[in-house]
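**Q** For reference, the structure I am asking about is given below.
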Amino acid sequence: MKINFLAGLACCLLLSSCSERRDVDEMTQHFQVHQDKFKQLAAAACSLKATLNTGFHRYYIDTAEQYPAEVAPLLKQLDQLLEDIDKEDMTLRQEGTVECSLSVNEWDVFFAGEGSYMVYSYQPAVLAEFNPELHMKGKRNTTEKIYFTKALADGWYIEYLREP
């Protein structure tokens, strides 16, 4: 049993380390190409948050049957927008004074309390200065906690956290 677990863990680590992850430059380019879709996504997602009257909600593409019929047109729009930007889910939340925050995961890797993530974030509750000299791929200190938000447009940011 222990060997199966270790073999499975090794396969997961191997697969996650081999997959190419977009970083700041690639994410910025992707956002610029799809900027109008991101703007529409923020409006539709915040409308869904208000309709559901929730402080936190994770929405997955193609799950409209799990929601009330009256939000079906909105969910169809969200599904199309997420598909247009090549994503499968998003997280809605209300943090601090921000009425509607939205994050769309680009990638994340966590194991045993350590890890990192990079997301597209709409109206993040916490902003932290982006410094290219410290925060670009290859320049990040992997032994220290790093958090930054890089402004894109229309309330959208690239948000990064590294938790050693």
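The numbering of the sequence shown is the working numbering, which starts it at 909 and goes up by one.
The beta carbon of each residue, even a glycine, is placed where N, CA and C say it ideally should be.
#1: To test your reading of the DSSP string, which unbroken beta strand (DSSP E) runs of 3 or more residues are found completely within the region 1012-1048?
#2: Where are the beta strand (DSSP E) runs, 3 residues long or more, that stay fully inside the region 951-979, in chain order?
#3: From the DSSP output, in three-state form, read off T1057 for me.
#4: What are the partner residues of D997, as DSSP defines its beta bridges?
#5: Pull up the DSSP beta-bridge partners for R929, would you.
#6: Looking only at its chain, what residues have a beta carbon closer than 6 Å to the beta carbon of Y1055, apart from the 5 residues adjacent to it on each side?
#7: From K995 to S1024, what does the alpha carbon distance come to, in whole angstroms?
#8: Look at the alpha carbon of F946 and the alpha carbon of F1019, and state the distance between them as a whole number of angstroms.
#9: Quick check on the burial criterion: 16 or more other C-beta atoms within 10 angstroms. Buried or exposed for Q940?
#10: Taking Cβ positions, are Y967 and L989 nearer each other than 8 Å?
#11: In the DSSP assignment, find the unbroken beta strand (DSSP E) run with E1071 in it and report its ends.
#12: Within a Cβ cutoff of 6 Å, which residues of the same chain sit near L1060, ignoring the five residues on either side of it in sequence?
#13: Which residue wins for smallest C-alpha separation from I1066, given the options M1026, A972 and G963?
#14: Skipping 5 residues on each side, what residues in its chain have a beta carbon closer than 6 Å to that of L917?
#15: Going by C-alpha distance, which of V979, T1057 and P1032 is nearest M1044?
#16: Can we say the region 977-984 touches the region 1001-1010, given the rule of at least three CB pairs closer than 8 Å?
#17: Can you list, in chain order, the residues of its chain with a C-beta nearer than 7 Å to that of E1041? Leave out the 5 residues immediately preceding and following it.
**A** To lay it out plainly:
#1: 1022-1030
#2: 964-968
#3: Along the sequence shown, one-based indexing puts residue 1057 at 149. Here T1057 sits in strand by DSSP.
#4: The count along the sequence shown starts at 1 and reaches residue 997 at position 89. Note: D997 sits in a beta bridge opposite Y968.
#5: As a working mapping, residue 929 is identified with position 21 in the sequence shown. According to DSSP, R929 bridges with nothing at all.
#6: Mapped onto the sequence shown, residue 1055 falls at position 147. Excluding positions up to five away in sequence, the list reads A1036 and L1069.
#7: Within the sequence shown, residue 995 is the residue found at index 87, counting from 1. Within the sequence shown, residue 1024 is the residue found at index 116, counting from 1. Cα to Cα, K995 sits roughly 19 Å from S1024.
#8: Mapped onto the sequence shown, residue 946 falls at position 38. Mapped onto the sequence shown, residue 1019 falls at position 111. Approximately 30 Å between the Cα atoms of the pair.
#9: Translated into the one-based positions of the sequence shown, residue 940 becomes position 32. Exposed.
#10: Position 59 of the sequence shown holds residue 967. Position 81 of the sequence shown holds residue 989. Y967 is not a Cβ neighbour of L989, given a cutoff of 8 Å.
#11: Working through the sequence shown from its first residue, we reach residue 1071 at position 163. First-last of the beta strand (DSSP E) with E1071: W1064 to E1071.
#12: Here residue 1060 corresponds to residue number 152 of the sequence shown, with the count starting at 1. Taken in chain order, the residues that qualify are F939.
#13: Taking the sequence shown and counting its residues from 1, one reaches residue 1066 at position 158. If we check each option's Cα against that of I1066, M1026 comes out closest.
#14: If you number the sequence shown from 1, residue 917 lands on position 9. Summary for L917: the model assigns pLDDT 46, below 50, so the residue's position carries little reliability; its value from the coordinates is reported in the next sentence. So the list is empty, once near-sequence residues are dropped.
#15: If you number the sequence shown from 1, residue 1044 lands on position 136. For the residues V979, T1057 and P1032, the minimum Cα distance to M1044 belongs to T1057.
#16: no
#17: Residue mapping note: residue 1041 aligns to position 133 of the sequence shown, counting from 1. K1047, listed in sequence order.
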